[in-house]
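Each residue of the sequence shown is one higher than the last, beginning at -9 in my numbering.
Inspection log for the structure reproduced underneath, given as structure tokens.
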Amino acid sequence: MQAKFITIEGLEGAGKSNAQQVVSQVLQHHQIPFIHTREPGGTPIAEALRTLWKEGIGGEHTTDKAELLMLYAARTQLVESVIQPALESGKWVIGDRHDMSTLAYQGGGRGLDPDLIHTLRQAVLGDFAPDFTLYLDIPPEVGLARAKGRGALDRIEQQHIDFFHRTRTAYLQLVEASPNAVLINADQPIKQVSAEIQQAVENYLKFAIA
Ligand code: Z5A
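This is how it looks when you write it as structure tokens:
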């Protein structure tokens, strides 16, 4: 059986951490070996890029295009040095965010030129893509309220609410267009969300390990 790359996507506070646990439990139940990744980040260099991007230096922050380049630099580093080697060694990968985040946040939220994003993506990642994506859908107001409950919002979380509405709209369009993505209504009690995630992964496994 070929190892698979499963990604979890959604706005902040959607419940991606809980989803990671549920997916892990399902894979464990099937005795499938796996690793976790997060983006941006997941290697020392990619984590350094994440910090640089999130915090800036001396009050200077990345411009929108520099942000895009940094996200792809971090992603390429992670894919080449962690994700592909894991898949080649037979380990599945559960990714907390991947390329759909860039299409949604930088494409939808920031409004960057889609041709620029696709050209860059094709140049650095080629045809590499997740095998299965769980998109946790949540109204931005609900997700941000949950994120606020955890403490102070970071630079990205402090964007105007319209940014998150554009990001969500882009996510919904991407999921609609992707045969490998499943939408989970994340604006429900956590028990119900977990049950739906578990069912979606079990359904995928029937197809993936048949
Ligand atoms: N970003 C980008 O712009 N472009 C890209 O290409 C990539 C990323 C890859 C990553 O930050 C930021 O980078 C993110 C997108 C951008 N921007 N923002 N803002 P991060 O990794 O620090 O943050 P995050 O990915 O958004 O994670 P998060 O805020 O931790 O969200 P989450 O993992 O989905 O949330 P959670 O920790 O699972 O849940 C949040 C709280 O809600 C927690 O207390 C839970 O117990 C609670 N929760 C979860 N589910 C429920 C339900 N169902 N009911 C009630 N409460 C719940």
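Cβ coordinates follow ideal geometry from the N, Cα and C atoms, glycine included.
Treat the numbers as computed from the prediction; the structure is a model and nothing was measured.
>> List, from N- to C-terminal side, the alpha helix (DSSP H) runs of 4 residues or more that fit wholly inside the segment -9 to 56.
In response: Entirely contained in the segment -9 to 56, the alpha helix (DSSP H) runs reaching 4 residues are, in chain order, 6 to 19 and 34 to 45.
>> Closer than 8 Å is the cut-off here; do at least three beta carbon pairs connect the segment 20 to 28 with the segment 41 to 54?
In response: Short answer: they don't touch.
> How long is the line joining the alpha carbons of residue 110 and residue 92, rounded to whole angstroms?
Replying inline: Cα to Cα, the separation comes out at about 11 Å.
> Can you find a C-beta in chain C that's less than 8 Å from the C-beta of residue 142?
Replying inline: In the structure shown, chain C cannot be found, because there is only a single protein chain.
> Would residue 75 be called buried (16 or more neighbouring beta carbons within 10 Å of its own) or exposed?
Replying inline: Around the beta carbon of residue 75, fewer than 16 other beta carbons lie within 10 angstroms, which makes this residue exposed.
> Using a threshold of 7 Å, is the CB atom of residue 130 nearer than that to any non-hydrogen atom of the ligand Z5A?
Replying inline: Because no heavy atom of the ligand Z5A lies under 7 Å away, the Cβ of residue 130 does not count as near it: no.
>> Report the CB separation of residue 90 from residue -3 in whole angstroms; it is logged as a contact under 8 Å.
In response: The distance from the Cβ of residue 90 to that of residue -3 is about 7 Å, consistent with a contact at the 8 Å cut-off.
> Three-state secondary structure (DSSP) at residue 193?
Replying inline: Three-state result, residue 193: helix.
>> I'd like to check one pair, residue 183 with residue 176: are the Cβ atoms closer than 8 Å?
In response: A Cβ-Cβ contact shorter than 8 Å links residue 176 with residue 183.
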